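First comes the structure, then the notes that go with it.
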Amino acid sequence: MSSIITIIGNDGSYDVNSMLESLKHRGPDASSINTYRLGEANITVADNLLKLDDEVQHIYRDKLGLTVNADLYNKEELIDKYQLTKLENDSSCEVIYNIIKHYYDEGFTLTESVKKFSDELDGDYVLCAFDESDYIILRDRMGVKPLYYTRMGDDVVFASEKKALDSGATSLNPRYAYADNKLIRMYDDYDRCEVFEDYDVLKHKLKGALFESVEKRVKNLDRVSLLFSAGVDSSLIAMILKRLEVDVTLYTVGVENSQDLEYAKKLSQDIDLPLRKRVITQGDVEKSFYTVANTIEDDNLMKIGVAMTIYLTTKLARQDNQKIILTGQAADELFGGYNRYKKYHENSEELQKQLTEDLNNMYHVNLERDDKACMKNSIQLRAPYLDQKVINIATQIPLKYLIHSSEDNIRKHILRDVAKDVGLPEYITQRPKKAAQYATGIDKIIRKKLIKKQAYHDYITQSLQKNNKNKRQK
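With the first letter of the sequence shown counted as 1, position 383 gets the number 419 in the numbering used here; the numbers rise by one all the way through.
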């Protein structure tokens, strides 16, 4: 929905306007800067807004402040539970503020107040709460929305992207919060614990959780878009949206005759959903390469290839004035989709370890990249597979329901059976996994054409160094 910047300290030399400007693509509709006293220091909170509805991002009342970048999906339940009958509006910020104040007025400290209810928040968020002496900054447990921090002298500074900060910025581990100048543990890391229920029972639970997840992520939206590769992950989301009678448009890109374009065209016709596609040329990849490398703040070619697919797709969606796009991201980590998993089939302990590590590391390996690629086009990303209920079910599914053998080229079997149950054709439910950058043909252009040109090698290093310059004036 936006970007957030928070500065804690006494150095007044920060050019906050320049920092906000570097993140304007995340929220082109409005911005604000507010500074308050925080003990012997100051706290400055700034934000950019991508306007979706009447959301409020910042509140300061009764010496208690809150700034959020939040998509909260259970506002109604929280309003009922905490009997919040005097809300000034129904924004996520207003709801969270009043829950904090509920515990704060009972005598709990600010950090204690936030810890009392943070695991009740169902959604994707970054929040900064503060009073006259304390502060706490945290993100949702999966880390769907990015947050980085660094020390600048004696000060600590947070921002939604590294480009607003000095070099050396670190991604905040989403299982931790930053409070009173130190990291504090908020949640345990995710772990897998197999529950040996009947296959059909687990499949039914998973199907229900996915429908619920998609439904709450599109609630009250007039229309949505979908990052569509016609793989089983995004196709299942598409079919659920159709079943829910949501106004959805599918978006896909790829080189001429690429797998994704061919499958997307066929499936969109078969399930009668509108498809917007764009044929990508080498010129498109060359033109976008610099932008994407700068956007994701990473020189890893694989990440650039994935991000370029997302960037070009959301650019197409933005031309249609779309502001929300759904993704099939995380299905591979949850259901054993990557090809490398099959080699651990005979070693269940190692396979469990690989799946768990990949899930816990998604926030900095995948999610930050995907969020930045979308937000460069001012489009917000929502990931139904990262719903907490879906994650809880997925991490209980026995490995034998995911991967059948060390030669299994399909994998994700229980998810594929859910896809079959909702009506997807066999050419989709049995389509092997192929990474987005390969299936679109973009990676081949980057590695076989662009990377041979010295200018692209040089540019990666130079552009990242430029982005890492701090955004303040000494």
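Cβ atoms here follow ideal geometry from the backbone N, Cα and C, with glycine treated the same way. Small disclaimer: the values here were computed from a predicted structure and weren't measured.
At what residues does the alpha helix (DSSP H) containing residue i begin and finish?
i, result
"cysteine 410", "404–411"
"lysine 341", "The sequence as given places glycine at residue 341; lysine does not occur at that position. 337–355 is the span of the alpha helix (DSSP H), which, as asked, contains glycine 341."
"tyrosine 235", "235–254"
"valine 291", "Taken as a continuous stretch (DSSP letters only), valine 291 belongs to no alpha helix (DSSP H), being part of the beta strand (DSSP E) at 284–291."
"methionine 275", "268–279"
"alanine 300", "295–307"
"asparagine 53", "52–57"
"phenylalanine 153", "146–153"
"leucine 387", "384–396"
"cysteine 229", "Element bounds for cysteine 229: n/a, residue is neither H nor E."
"asparagine 428", "424–430"
For residue i and residue j, I'd like the C-alpha separation in whole angstroms.
i, j, result
"isoleucine 429", "tyrosine 118", "27 Å"
"aspartate 83", "leucine 337", "31 Å"
"proline 434", "valine 231", "7 Å"
"asparagine 78", "asparagine 46", "6 Å"
"asparagine 506", "arginine 447", "In this prediction, asparagine 506 scores a pLDDT of 43, lower than 50, which makes its location untrustworthy; the coordinate-derived value is nonetheless stated afterwards. Each residue's alpha carbon lies about 45 Å from the other."
"tyrosine 287", "leucine 352", "7 Å"
"aspartate 520", "leucine 59", "In the structure as shown, the chain starts at 37 and stops at 510, and residue 520 therefore has no counterpart that could be examined."
"alanine 165", "glutamate 386", "40 Å"
"histidine 400", "alanine 200", "17 Å"
"asparagine 134", "proline 64", "28 Å"
"lysine 469", "isoleucine 132", "40 Å"
"arginine 405", "histidine 240", "32 Å"
"threonine 206", "asparagine 217", "15 Å"
"leucine 56", "serine 169", "25 Å"
"arginine 312", "isoleucine 172", "43 Å"
"asparagine 396", "lysine 485", "34 Å"
"histidine 381", "alanine 213", "36 Å"
"alanine 66", "leucine 86", "7 Å"
Which two residues bound the contiguous beta strand (DSSP E) that contains residue i?
i, result
"histidine 94", "94–97"
"asparagine 512", "With the chain covering 37 to 510 only, the question about residue 512 has no answer from this structure."
"isoleucine 43", "38–45"
"leucine 100", "100–108"
"isoleucine 316", "311–316"
"aspartate 368", "Where aspartate 368 is concerned, there is no enclosing beta strand (DSSP E), although the alpha helix (DSSP H) it sits in stretches over 367–371."
Relative to the alpha-carbon of residue i, which residue among the options has its alpha-carbon at the smallest distance?
i, options, result
"valine 104", "Ile41, Asp356, Arg314", "Ile41"
"methionine 222", "Asp47, Met178, Thr392", "Met178"
"proline 210", "Leu163, Asp191, Lys484", "Leu163"
"serine 39", "Asp98, Ser54, His61, Asn46", "His61"
"alanine 329", "Ser154, Ile136, Ile482", "Ile482"
"leucine 88", "Asp406, Lys489, Asn357", "Asn357"
"glutamate 393", "Tyr226, Val150, Gly48", "Tyr226"
"histidine 138", "Asp306, Ile273, Ser169, Asp98", "Asp98"
"glutamate 233", "Gln432, Ile316, Asn397", "Gln432"
"glutamine 318", "Gln305, Thr331, Val289", "Val289"
"glycine 204", "Ala215, Val192, Ala213", "Val192"
"glutamine 466", "Tyr299, Ile360, Thr147, His94", "Tyr299"
Is residue i near the ligand MG - that is, is its Cβ less than 7 Å away from at least one heavy atom of it?
i, result
"glutamine 119", "This structure does not include the ligand MG; it has no bound ligands of any sort."
Leaving out the 5 sequence neighbours to the left and right, which residues in its chain are closer than 7 Å to residue i when beta-carbon positions are compared?
i, result
"alanine 419", "Val180, Thr363, Gln365, Ala366"
"valine 92", "Asn125, Ser127, Cys129, Glu130"
"serine 271", "Leu303, Ala455, Leu460, Ile464"
"glutamate 251", "Leu280"
"serine 154", "Leu174, Met222"
"aspartate 258", "Asp283"
How about residue i and residue j: are their beta carbons less than 8 Å apart?
i, j, result
"leucine 370", "isoleucine 427", "yes"
"leucine 242", "valine 454", "yes"
"tyrosine 184", "glutamate 197", "yes"
"aspartate 479", "glycine 341", "yes"
"valine 350", "cysteine 410", "It should be noted that the sequence gives threonine, not valine, for residue 350. Cβ distance < 8 Å, so threonine 350 and cysteine 410 count as in contact."
"aspartate 423", "alanine 274", "no"
"serine 324", "leucine 297", "no"
"lysine 408", "threonine 331", "yes"
"phenylalanine 247", "isoleucine 276", "yes"
"aspartate 414", "arginine 376", "Checking the displayed sequence, the identity of residue 414 turns out to be serine instead of aspartate. No; because the gap between Cβ atoms is not below 8 Å, this pair is not in contact."
"isoleucine 136", "valine 260", "no"
What does a CB cutoff of less than 8 Å around residue i pick up in its chain, not counting 5 residues either side in sequence?
i, result
"valine 52", "Ile41, Ile43, Ile69, Thr80, Ala82"
"tyrosine 437", "Tyr235, Leu238, His449, Ile450"
"phenylalanine 144", "Lys152"
"cysteine 229", "Thr431, Gln432"
"glutamine 388", "Arg228, Leu435"
Enumerate in chain order the residues of its own chain whose CB-to-CB distance from residue i is below 6 Å, with the five nearest sequence positions on each side excluded.
i, result
"threonine 71", "Asn78, Thr80"
"aspartate 160", "Asp107, Asp176, Val180, Lys181"
"asparagine 110", "Asp158"
"glycine 477", "Gly290, Val291, Ser294"
"lysine 249", "It should be noted that the sequence gives serine, not lysine, for residue 249. Excluding sequence neighbours, serine 249 sits near Pro420, Asp423, Val426."
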